[in-house]
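Reviewing the structure listed below.
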Amino acid sequence: MKKVVLDTNVIIAAFTARGLANSVFELCLDKCEIIISEYIINEVSDKLTRKLKVPPEIVNEIISFLRDCYTVTEYVLLKENICRDIKDNNILALASSSKSKYIVTGDKDLLVLNKFEKTRIVNPR
Numbered sequence: 022m023k024k025v026v027l028d029t030n031v032i033i034a035a036f037t038a039r040g041l042a043n044s045v046f047e048l049c050l051d052k053c054e055i056i057i058s059e060y061i062i063n064e065v066s067d068k069l070t071r072k073l074k075v076p077p078e079i080v081n082e083i084i085s086f087l088r089d090c091y092t093v094t095e096y097v098l099l100k101e102n103i104c105r106d107i108k109d110n111n112i113l114a115l116a117s118s119s120k121s122k123y124i125v126t127g128d129k130d131l132l133v134l135n136k137f138e139k140t141r142i143v144n145p146r
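Below, the structure is given as structure tokens:
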């Protein structure tokens, strides 16, 4: 089964809107092993709570779903900064440590790389 890292923006879009991100999300659930980290879980929780004002009980349900359905993986930080936004290096490090085939993201700072090591970086479109 192919390993795929879903970036925070794709996960949030899948839970908050019907559309392409949701379709990609469902396809990945069926066909791939989805890799996430505590960093992504914390970022999802923070953005749902602070930016989108999702009620805490709903956020807790989403976080429980992520922990139950995805593979939560630890990773080794990169020795150098690859991305313009240094927080995005966490996503690259996760993909590298987990040997993921793809990173699915809407983040332009990641998409511009196109590839990192053996991992392709793709837009959900």
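Per the numbering used here, the sequence shown starts with residue 22, numbered consecutively.
Just so you know, even glycine gets a beta-carbon here, dropped at the ideal spot from N, CA and C.
On a predicted model such as this, the values are computed, not experimentally measured, just so you know.
Asked	Found
Host beta strand (DSSP E) of V125 (start-end)	Y123 to V125
One or two residues paired with I56 in a DSSP bridge	V26 and T92
For K136, the three-state DSSP class (helix, strand or coil)	strand
Proximity winner among L131, S66, Y123 and E138, relative to I55 (alpha-carbon distances)	Y123
Where I103 falls: helix, strand or coil (DSSP)	coil
Neighbourhood of L134 by C-beta distance below 6 Å, restricted to the same chain and skipping five residues each side	I142
Per-residue burial, T126 [other beta carbons within 10 Å of its own, 16 or more giving buried]	buried
Outcome for L131 when other beta-carbon atoms lying within 10 angstroms are tallied against a minimum of 16	buried
Close-in-space but distant-in-sequence residues of the same chain around A114 (CB under 8 Å, 5 per side omitted)	Y96, V97, L98 and L99
Nearest-angstrom Cβ-Cβ length linking I83 and F36, presumed shorter than 8 Å	6 Å
Range covered by the alpha helix (DSSP H) that runs through A114	N110 to S119
Exposed unless 16 or more other CB atoms sit within 10 angstroms - verdict on N102	exposed
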